[in-house]
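Undergrad: Under my numbering, the first residue of the sequence shown is numbered 805, with each subsequent residue one higher.
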Amino acid sequence: MVYSAAPALRYTPGQEHAAVRPTGSDRARPDAQILTGLYEELYDRIARYVTARTGSRDLGEDLAAEVFVRAVESIGSFRARGVPIEAWLFRIAHNLVVDHYRRSARRPAVVLDDAMQIAGSADTAAEVEQRLAMERVRQMMEHLNPAQQEVISLRFSGELSAEEAGAVMGRTAGAIRELQRTALKALRVLMGPEAAHPGAAGPSQDVGGR
805 MVYSAAPALR
815 YTPGQEHAAV
825 RPTGSDRARP
835 DAQILTGLYE
845 ELYDRIARYV
855 TARTGSRDLG
865 EDLAAEVFVR
875 AVESIGSFRA
885 RGVPIEAWLF
895 RIAHNLVVDH
905 YRRSARRPAV
915 VLDDAMQIAG
925 SADTAAEVEQ
935 RLAMERVRQM
945 MEHLNPAQQE
955 VISLRFSGEL
965 SAEEAGAVMG
975 RTAGAIRELQ
985 RTALKALRVL
995 MGPEAAHPGA
1005 AGPSQDVGGR
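Below, the structure written as structure tokens:
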């Protein structure tokens, strides 16, 4: 899925960078310049992750932008204690998704309007079929438990390594790989015969060897 251009951050990088540039014992902190680069690199991945968790592309884009606003606001509290900054940002995204559903008092759900929008934006019949198949996967994911949904979203939509996903979920990389294995097994059962079809859409066990 191609997302719209990442909206501009609501701060002036030059000014913020001068204010939070790490010195001495603070060199473990990411500064605003680093966050600006990460924003350009990770915005789409975070938007895909949030969209996978909420079923709404618009919400995915809004919360992805909010992740970086929150990151700038809390930049002084970050300490690199072996946790990748990518995992820190996805953890903020995770918390925003949790807060969203806590406020709305409902579980994540796939939005039908988004499915129709995705199909309508495709250029060819093959693309329509592929995108609707991915919507089928998302619908089936609603029947997985929350941890299984989260690991699939982080690993495939967010494109995180097992180590990075583990930092977000508070698990070891080995535990993440095992959770992913059981989640994909459950998803294949839910998908039925179509999951075994060579052209079927859906996540495979491997994520770039990570």
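Built from N, CA and C at the ideal position, the CB exists for glycine as well. The model shown is predicted, which means the values in this text are computed figures rather than measured ones.
Once the 5 residues before and after residue 944 are set aside, which same chain residues still bring their CB inside 7 Å of it?
TA: Within the sequence shown, residue 944 is the residue found at index 140, counting from 1. If we look at residue 944 and ignore the five residues flanking it on each side, its Cβ neighbours are 991, 994, 995.
Undergrad: Only counting the same chain, and skipping five residues up and downstream in sequence, which positions put a Cβ closer than 8 Å to that of residue 846?
TA: Position 42 of the sequence shown, counting from 1, holds the residue named residue 846. Taken in chain order, the residues that qualify are 890, 893.
Undergrad: Got a sec, what are the start and stop residues for the alpha helix (DSSP H) residue 864 sits in?
TA: Taking the sequence shown and counting its residues from 1, one reaches residue 864 at position 60. That run of the alpha helix (DSSP H) goes 861 to 877.
Undergrad: Helix or strand or just coil, what does DSSP make of residue 978?
TA: In the sequence shown, residue 978 corresponds to position 174, counting from 1. Looking at residue 978 - three-state DSSP - the assignment turns out to be helix.
Undergrad: Is the CB-CB distance between residue 839 and residue 876 below 8 Å?
TA: Locating residue 839 in the sequence shown gives position 35, where the first residue counts as 1. Locating residue 876 in the sequence shown gives position 72, where the first residue counts as 1. Contact flag set, yes.
Undergrad: Straight-line CA distance for residue 987 to residue 975?
TA: Working through the sequence shown from its first residue, we reach residue 987 at position 183. Working through the sequence shown from its first residue, we reach residue 975 at position 171. Going by the C-alpha atoms only, they are around 15 Å apart.
Undergrad: Can you grab the Cα-Cα spacing for the pair residue 963 / residue 853, in whole Å?
TA: Residue numbering aside, residue 963 sits at position 159 when the sequence shown is read from its first letter. Residue numbering aside, residue 853 sits at position 49 when the sequence shown is read from its first letter. Going from the Cα of residue 963 to the Cα of residue 853 covers about 9 Å.
Undergrad: If you draw a straight line from the alpha carbon of residue 955 to that of residue 880, how long is it in whole angstroms?
TA: Stepping through the sequence shown from its first residue, residue 955 is reached at position 151. Stepping through the sequence shown from its first residue, residue 880 is reached at position 76. Cα to Cα, the separation comes out at about 28 Å.
Undergrad: What three-state label does DSSP hand residue 963 in the structure shown?
TA: Working through the sequence shown from its first residue, we reach residue 963 at position 159. Three-state DSSP puts residue 963 in coil, outside helix and strand.
Undergrad: DSSP state of residue 950, grouped into three classes?
TA: The residue labelled residue 950 in the question sits at position 146 within the sequence shown. Looking at residue 950 - three-state DSSP - the assignment turns out to be helix.
Undergrad: Using the beta-carbon count (16 or more within 10 Å), is residue 857 buried or exposed?
TA: Here the question's residue 857 lines up with position 53 in the sequence shown. Burial call: buried.
Undergrad: Residue 894 by DSSP, collapsed to three states: which one?
TA: Taking the first residue of the sequence shown as position 1, residue 894 is located at position 90. DSSP places residue 894 in helix when its eight states are reduced to three.
Undergrad: Should residue 848 go down as buried or exposed, given a rule of 16 or more other Cβ atoms within 10 Å for buried?
TA: The count along the sequence shown starts at 1 and reaches residue 848 at position 44. Per the 10 Å Cβ criterion, buried.
Undergrad: Assuming the contact rule is C-beta atoms closer than 8 Å, residue 969 and residue 985 should be a hit. Round their C-beta distance to whole Å, please.
TA: As a working mapping, residue 969 is identified with position 165 in the sequence shown. As a working mapping, residue 985 is identified with position 181 in the sequence shown. Actually they are not in contact, since the Cβ atoms of residue 969 and residue 985 sit about 13 Å apart, beyond 8 Å.
Undergrad: Around the Cβ of residue 902, are there at least 16 other Cβ atoms within 10 angstroms (buried) or fewer (exposed)?
TA: For the purposes of this step, residue 902 is taken as residue 98 along the sequence shown, with counting starting at 1. Exposed: under 16 other Cβ atoms inside 10 Å.
Undergrad: Taking the CB atoms as reference points, tell me whether residue 940 and residue 859 lie closer together than 8 Å.
TA: Stepping through the sequence shown from its first residue, residue 940 is reached at position 136. Stepping through the sequence shown from its first residue, residue 859 is reached at position 55. For residue 940 and residue 859, no; Cβs fall outside 8 Å.
Undergrad: Output needed for residue 952: all residues of its chain with C-beta closer than 6 Å, excluding positions within five of it in sequence on either side, in chain order.
TA: To locate residue 952, count along the sequence shown from 1; it is residue 148. Same-chain partners within the cutoff: 987.
Undergrad: In chain order, what residues of the same chain lie with their CB nearer than 6 Å to the CB of residue 947, ignoring the 5 residues before and after it?
TA: Within the sequence shown, the letter at position 143 stands for residue 947. Correct list, in chain order: 994.
Undergrad: Could you give the distance in angstroms between the alpha-carbon of residue 983 and the alpha-carbon of residue 855?
TA: Taking the sequence shown and counting its residues from 1, the one referred to as residue 983 is at position 179. Taking the sequence shown and counting its residues from 1, the one referred to as residue 855 is at position 51. Their Cα atoms are separated by approximately 21 Å.
Undergrad: Between the Cα of residue 868 and the Cα atoms of 850, 977, 965, which residue gives the shortest distance?
TA: As a working note, residue 868 is residue 64 in the sequence shown. That would be 850, whose Cα lies nearest to the Cα of residue 868.
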